[in-house]
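Worksheet for the structure shown next.
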Amino acid sequence: MMDVFVTQLPTCVNREMIDKAARDFATNLNTKQNRKRLIKA
């Protein structure tokens, strides 16, 4: 799940897409390990 999220980040080209990605991360993927992976991405 996190792998898919990270691979989709470069396609976030406008504010709506970035906001949606942030909401998805905050509601579904917000764990300590995933936060570390997001920093490295």
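In terms of numbering that gives the first Met the number 0, the sequence shown has 19 at position 20, counting the first letter as 1, and numbering is strictly consecutive. A virtual CB, placed ideally from N, CA and C, is assigned to each residue, including glycine. Model, not experiment: these values are computed from the prediction.
A40 sits close to V5, with the two beta carbons spaced by under 7 Å. When secondary structure is reduced to three states using DSSP, A40 falls in the coil class, being assigned neither helix nor strand. For M0, same chain residues with a beta-carbon under 8 Å away, outside a window of 5 residues either side, are N27 and L28 in chain order.
In this structure, DSSP gives T26 a helical state, which the three-state scheme calls helix. Straight through space, the alpha carbons of K35 and F24 are spaced by roughly 13 Å.
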